[in-house]
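First the structure, in the form of structure tokens, and then the observations on it.
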Amino acid sequence: MVRIKTILIAVLVVILGILAATYLLESEEKKVKKQFDLLSKWVSKDLGESPITMASKAKNIGTLFAESCELKVPVDSTSATYTPAEVSGYALHGRLQFSEMSLKFYDLTVEFPEKGTAQVVLTANLKGRSMNGELIDETREVQSVLNKIDQKWLFSAFEVVEVLEK
Amino acid sequence: MGSESKIRQFFFPSLTPRFLIRVSFVALGAYLFFSNVLIPIHIKGTSMEPTYHDGTFNFCSRFSYLFSKPKRSDVVTVRFAGNKVMLLKRIVALEGEQVEFRDGKLMVEGKELEEPYVRLPCHWNLPSRQVDQGCVYVVGDNRSLPMETHHFGQTSVKRIVGVPLW
């Protein structure tokens, strides 16, 4: 009776340990999603944000990107490659156009086609108010590729999916 | 049981295990039905005026094309981003057909299409293009909007989620 009880307790402890490890240890998928959380946090701008905070966030945005990141926007026929410094520069310039804005990511689907590469399909929603008072609320489907470099997942490609082709 | 106690029992049922199980099954059934068969949709925007109005509610019937294919003049919901953002548009041309706008008139295969649902003036001009295989050409009914601000064009049939219930 005591032996059965001991075995049951041991099994329960092992199960709880596995559950705790699964929950607490960051899976690769969670690490990838965390990068999007950081991007969302640093792109978003509150009303009355100080220039120091703005510059700091723009600099931080650059740290999320690989040495070369391709951006494709088929609707505008735009396709270009940017370095992290260029991304920071454009992020700062872009944020200056808005008095407030938020960038949120939803419905992330992460796949790992090969080791060290993550492909993510997601919904991106940009809401905000431009400096001249114009309200912006745009939602797009986006495909992104991240590469694991020095144990960090970095963005190497963004493509805005063209759903309707005129 | 008197009628008074029956009424009381109807509005204030006893929370027996049997009742709770029944409620759980009803809730689960409703969740599965409204997330997979009839999806509630909230219409935002004026691109389908006057057929569908901004701010109104409807349902997207997901199994309308179970035994048939989308056809011209069908109003369909197109998955735009993720699982939550859809476009409500009308099919005006099918795969392989030539479509163009000439002085506001929609031409399919060189002939003007009769569109009794278009009640607002249109001045669009768009050169002829062929609809790709596996795609349909969708446009909103409200063409008084500038062409640049109206989401329309060819889209894969696979992106068609369903049709509005009414």
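From first to last, the protein sequence lines stand for chains A and B.
Residue 5 is where the first sequence starts when you use my numbering, and the numbers rise one by one after that.
Residue 513 is where the second sequence starts when you use my numbering, and the numbers rise one by one after that.
Idealized CB from N, CA, C, for every residue including glycine.
Near chain A, meaning a CB-to-CB distance below 9 Å, the residues of the stretch 590 to 604 of chain B are 590, 591, 592, 593, 594, 595, 596, 597, 599, 601. Here residue 37 of chain A carries a helix assignment [DSSP, helix/strand/coil]. Within the stretch 46 to 97 of chain A, the runs of beta strand (DSSP E) that reach at least 3 residues and sit entirely inside it are, in chain order, 69 to 77, 82 to 86. Bounds of the alpha helix (DSSP H) holding residue 517 of chain B are 515 to 523. Chain order gives the chain B residues near residue 167 of chain A as 590, 591, 592, 593, 599, 663, 665, 667, 668, 671, where near means a beta carbon separation below 9 Å.
Within chain A, no C-beta atom comes less than 7 Å from the C-beta of residue 630 of chain B; the nearest is roughly 18 Å away. The CB of residue 650 of chain B comes closer than 9 Å to the CB of 168 in chain A, given here in chain order. Ranking A:123, A:75, A:167 by CA distance to the CA of residue 150 of chain A puts A:123 first. Contact with chain A is absent for residue 618 of chain B, since none of that chain's Cβ atoms lies less than 8 Å from the residue's Cβ. With respect to the 8 Å criterion, residue 616 of chain B and residue 633 of chain B are classified as neighbours on the basis of their beta carbons.
If you draw a straight line from the Cα of residue 92 of chain A to the Cα of residue 111 of chain A, it comes to about 26 Å. A check of alpha carbon separations from residue 55 of chain A across A:161, A:25, A:157, A:103 identifies A:103 as the nearest. Taking C-alpha positions only, residue 582 of chain B is separated from residue 675 of chain B by approximately 9 Å. By the CB criterion at 8 Å, residue 665 of chain B and residue 169 of chain A fall inside the cutoff.
Beta-bridge partners assigned by DSSP to residue 105 of chain A: A:49, A:132.
Counting every other CB atom within 10 Å of its CB across the protein chains shown gives residue 516 of chain B a total below 16, marking it as exposed.
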